[in-house]
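**Q** Below you will find the structure I want to go over with you.
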Amino acid sequence: MNYVTPEYSVVIITANGTKYYVKKMGSKTSNIVISLTLDEPDGQLAQKAEVTLANIKIAGDQGGFPASLFKVKSRVFIYAKGAGKTKSTEVFRGFVWENRYSNKNEKEVTLTCYDHLIYLMKSETSRYFSKGKSTKTIMKAICKSWGIKLSYSYYSITHPKLPLSGTIADVIMSDILDKVKEKKGKKYVIRSQKDRMYIKTVGKNDPFYIIDNGGRGISLGYTRTTTMEDMVTKVIITGKTAKSGKVKVAAKVNSKNKKKYGTLQKVINKDEDTKLKTVKKEAKNILKENQSPKTTYEVPALDVPWLHKGDKVGVCFSGTTITNCIVKSITHEATEGTMMMEVYKI
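Mapping of the sequence shown onto full-length UniProt numbering: position 110 corresponds to residue 110, and the numbering continues sequentially without gaps.
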C-alpha cells in the first residue's frame, strides 16, 4: 500500500430530511469541523464518533447555527478515502446522541454520535429461551425484536435453557457469546456497518494491513502493559443443587500456573443435559486463554480508517520483523491524521 493521508467528509441529515455537508473532502470553504474522532473501545458494542463544529451560521433557506440545527437523533454519515483506497467509503453511520454547546471564547458545538447498536447498550430485556436453541437462532430472535439486520458468521453452539435479564448488550456478550467463546476457545467481535450488525470471529478481515516503521508506520513507538487482571488459574465445575441448598462440586480443573501466580478462581455450572467431559473441555479453554498475564501494546500510527476492532494487523515493533496482532480497541484522530491502536500478539 502506498500511503496517502486520508481525507474525511461528514454529512448530517436533520429530522426534516435536509442534508448538511459540514465537511467535504478537499474543500476548505465547506468545512466547519474543528475536530473529528472515531472510537471503538474494548467491551463496547457501539462505535462512537465525536464531531466538534464551529458554531457559525450556515447560509441558505434551511440554514442556521449548528447548535440548534443538529438536534439529537439527527443522522450522521462519515466517509473517508486515502490510505489504500481511492474511492470515498463509508466509515460511520449513526445518530447524534448528545449535543453539547459552549459559548465561551470560540463558540463551538460538540456532537457525540453512536451507531445503531447504542440502543442495545441503553435498553434492558427480560426473556426466556428454552433449551436446545442454537446461538445463531437466539441472536436472530433478539435482533428481530429490535428491528436489527444481522449477519452471523461466528461459531454457534446448542444452549441450555436461557432466562435472560439485564442490559441487552450485556446479555448478548456475557450470557450468550461469551459462552460460545468458552466452549470453542475462539474470540468474537461485534460491529455495525451500514445499519447491519455483524458478529464474526476476530482476525477475519481482508485486506490485511501492515504497520511498519516507514512512511505508513508507527510514529511514536509503543507502550507495553502486562497485567494479571482477569487471570484464571482454577476452574470449579458445579452440578445440581441439593434440597438442602448445598451445591455439589462436580470437578476442579487447575492451571499449570496456579503455583506461580496463586489461585484465581472461576466457577462454571454444568447443567443436567451436558456431559462432564464437555464442561471440562470448556474449563480448559478458559484456562488456556486466561492462565497467564496478558500483554497489550498501545501503538500510535498514521491513520488507516479501514482498521477496526477485532481486525488482524501486522505490526513492526522493531526493525522489519512483522508480528501478527489483533486490534483490541482503536481510536482514529481524523483531523490529526493519526490513530491509536491497542493490540495483542497472536
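Backbone N, C-alpha and C fix where the C-beta goes; we use that ideal spot for every residue, glycine too.
State the DSSP-derived secondary structure class of Y222, mapped to helix, strand or coil.
**A** Residue mapping note: residue 222 aligns to position 222 of the sequence shown, counting from 1. Of the three classes helix, strand and coil, the one that applies to Y222 here is coil, per DSSP.
**Q** How about the segment 161 to 172 and the segment 280 to 297: do they share at least three Cβ pairs that are nearer than 8 Å?
**A** Touching, no, given that fewer than three Cβ pairs across the two stretches are closer than 8 Å.
**Q** Would you check if there are 3 or more beta carbon pairs closer than 8 Å linking the segment 9 to 25 to the segment 73 to 81?
**A** These segments touch.
**Q** Which value, in whole angstroms, describes the spacing of the CA atoms of T137 and K179?
**A** By one-based count along the sequence shown, residue 137 stands at place 137. By one-based count along the sequence shown, residue 179 stands at place 179. Each residue's alpha carbon lies about 15 Å from the other.
**Q** Check each candidate in K19, I32, K87, T37 and name the one with the smallest Cα separation from D303.
**A** Position 303 of the sequence shown holds residue 303. It is T37 whose Cα lies nearest to the Cα of D303.
**Q** How about K186 and Y155: are their beta carbons less than 9 Å apart?
**A** Within the sequence shown, numbered from 1, the residue matching residue 186 stands at position 186. Within the sequence shown, numbered from 1, the residue matching residue 155 stands at position 155. Taking 9 Å as the Cβ cut-off, K186 and Y155 qualify as a contacting pair.
**Q** Would you call the CB atoms of I157 and T135 closer than 9 Å?
**A** Here residue 157 refers to the residue found at position 157 of the sequence shown. Here residue 135 refers to the residue found at position 135 of the sequence shown. The answer is yes: Cβ separation under 9 Å.
**Q** If you draw a straight line from the C-alpha of A67 to the C-alpha of K107, how long is it?
**A** Reading the sequence shown from its first residue, position 67 is the one you call residue 67. Reading the sequence shown from its first residue, position 107 is the one you call residue 107. Their Cα atoms are separated by approximately 10 Å.
**Q** I'd like the list of long-range same chain contacts for L264, defined as Cβ closer than 6 Å, with 5 residues on each side in sequence excluded.
**A** In the sequence shown, counting from the first residue as 1, residue 264 sits at position 264. Only M231, V232, T233 meet the Cβ criterion.
**Q** Along the beta strand (DSSP E) that carries C325, what are the first and last residues, could you check?
**A** Counted from its first residue, the sequence shown places residue 325 at position 325. Segment 323 to 333, the beta strand (DSSP E) holding C325.
**Q** Determine whether the beta carbon atoms of residue 352 and P305 lie at a separation below 9 Å.
**A** The question about residue 352 has no answer, for the chain in this structure spans 1 to 346.
**Q** Would you kindly check if the distance between the Cβ of I326 and the Cβ of M340 is under 9 Å?
**A** In the sequence shown, counting from the first residue as 1, residue 340 sits at position 340. In the sequence shown, counting from the first residue as 1, residue 326 sits at position 326. No.
**Q** Under a Cβ-count criterion, where at least 16 other Cβ atoms within 10 Å of its own Cβ denotes burial, should T89 be classed as buried or exposed?
**A** Taking the first residue of the sequence shown as position 1, residue 89 is located at position 89. Exposed, because fewer than 16 other Cβ atoms sit within 10 Å of the Cβ of T89.
**Q** What ranges does the beta strand (DSSP E) occupy inside the segment 87 to 156, keeping only unbroken runs of at least 3 residues that lie completely in it?
**A** The qualifying runs are 108 to 114, 124 to 129, 149 to 152.
**Q** Who are the near neighbours of N31 in its chain, counting only those whose CB is closer than 7 Å to its CB and skipping five residues on each side?
**A** For the purposes of this step, residue 31 is taken as residue 31 along the sequence shown, with counting starting at 1. Only K23, K24 meet the Cβ criterion.
**Q** Would you mind sorting Y344 into buried or exposed? The rule is 16 or more other CB atoms within 10 Å of its CB.
**A** Looking up residue 344 in the sequence shown gives position 344. The residue in question, Y344, is exposed, as its Cβ has fewer than 16 Cβ neighbours within 10 Å.
**Q** Between T320 and Y261, what straight-line distance do the alpha-carbon atoms span, to the nearest angstrom?
**A** Walking along the sequence shown from the start, residue 320 turns up at place 320. Walking along the sequence shown from the start, residue 261 turns up at place 261. If you take the alpha carbons of T320 and Y261, they lie about 34 Å apart.
**Q** Whole angstroms is fine: what's the gap from V96's alpha carbon to R224's?
**A** Working through the sequence shown from its first residue, we reach residue 96 at position 96. Working through the sequence shown from its first residue, we reach residue 224 at position 224. Answer to the nearest angstrom: the Cα atoms are 35 Å apart.
**Q** Rounded to a whole number of angstroms, what is the C-alpha to C-alpha distance between K122 and D311?
**A** Mapped onto the sequence shown, residue 122 falls at position 122. Mapped onto the sequence shown, residue 311 falls at position 311. Approximately 26 Å, taken between the alpha carbons.
**Q** Can you tell me whether I211 is helix, strand or coil according to DSSP?
**A** Translated into the one-based positions of the sequence shown, residue 211 becomes position 211. The answer is strand: DSSP assigns I211 an E or B state.
**Q** Whole angstroms is fine: what's the gap from Y21's alpha carbon to F92's?
**A** Numbered from its first residue, the sequence shown carries residue 21 at position 21. Numbered from its first residue, the sequence shown carries residue 92 at position 92. About 15 Å.
**Q** Just mark V267 as buried or exposed, buried being the case when its beta carbon has 16 or more other beta carbons within 10 Å.
**A** Numbered from its first residue, the sequence shown carries residue 267 at position 267. Under this definition V267 is an exposed residue.
**Q** Can E50 and T110 be called in contact, C-beta distance under 9 Å?
**A** Counted from its first residue, the sequence shown places residue 50 at position 50. Counted from its first residue, the sequence shown places residue 110 at position 110. In this structure, T110 lies closer than 9 Å to E50 by Cβ.
**Q** Could you give the first and the last residue of the continuous alpha helix (DSSP H) run that contains V180?
**A** Start at 1 with the first residue of the sequence shown, and residue 180 comes out as number 180. Counting along the chain, the alpha helix (DSSP H) containing V180 begins and ends at 178 to 184.
**Q** Apart from the five residues on each side of it in sequence, which residues of its chain come closer than 8 Å, Cβ to Cβ, to C143?
**A** For the purposes of this step, residue 143 is taken as residue 143 along the sequence shown, with counting starting at 1. K149, L150, M197, listed in sequence order.
**Q** When burial is assigned at 16 or more other CB atoms within 10 Å of the CB, is V189 buried or exposed?
**A** Here the question's residue 189 lines up with position 189 in the sequence shown. With 16 or more other Cβ atoms within 10 Å, it is buried.
**Q** Using a 10 Å radius around the Cβ and a threshold of 16 neighbouring Cβ atoms, would you call I56 buried or exposed?
**A** Translated into positions along the sequence shown, residue 56 becomes position 56. By the 10 Å Cβ count, I56 comes out exposed.
**Q** Tell me, please, which residues DSSP counts as bridged to K248.
**A** Taking the sequence shown and counting its residues from 1, the one referred to as residue 248 is at position 248. K248 pairs with nothing; no bridge assigned.
**Q** Within 10 angstroms of its Cβ, does M139 collect 16 or more other Cβ (buried), or is it exposed?
**A** Taking the sequence shown and counting its residues from 1, one reaches residue 139 at position 139. Its Cβ being crowded by 16 or more others within 10 Å, M139 is buried.
**Q** Give the straight-line distance between the Cα atoms of A242 and K280, rounded to the nearest whole angstrom.
**A** Mapped onto the sequence shown, residue 242 falls at position 242. Mapped onto the sequence shown, residue 280 falls at position 280. Going by the C-alpha atoms only, they are around 22 Å apart.
**Q** Which class does S318 belong to by DSSP, given the choice of helix, strand or coil?
**A** Taking the first residue of the sequence shown as position 1, residue 318 is located at position 318. DSSP places S318 in coil when its eight states are reduced to three.
**Q** Distance check for V33 and K104, CA to CA, integer angstroms please.
**A** By 1-based counting over the sequence shown, the position of residue 104 is 104. By 1-based counting over the sequence shown, the position of residue 33 is 33. Approximately 17 Å, taken between the alpha carbons.
**Q** Rounded to the nearest angstrom, what separates K277 and N254 at their Cα positions?
**A** Taking the sequence shown and counting its residues from 1, one reaches residue 277 at position 277. Taking the sequence shown and counting its residues from 1, one reaches residue 254 at position 254. Straight-line Cα distance between these residues: approximately 15 Å.
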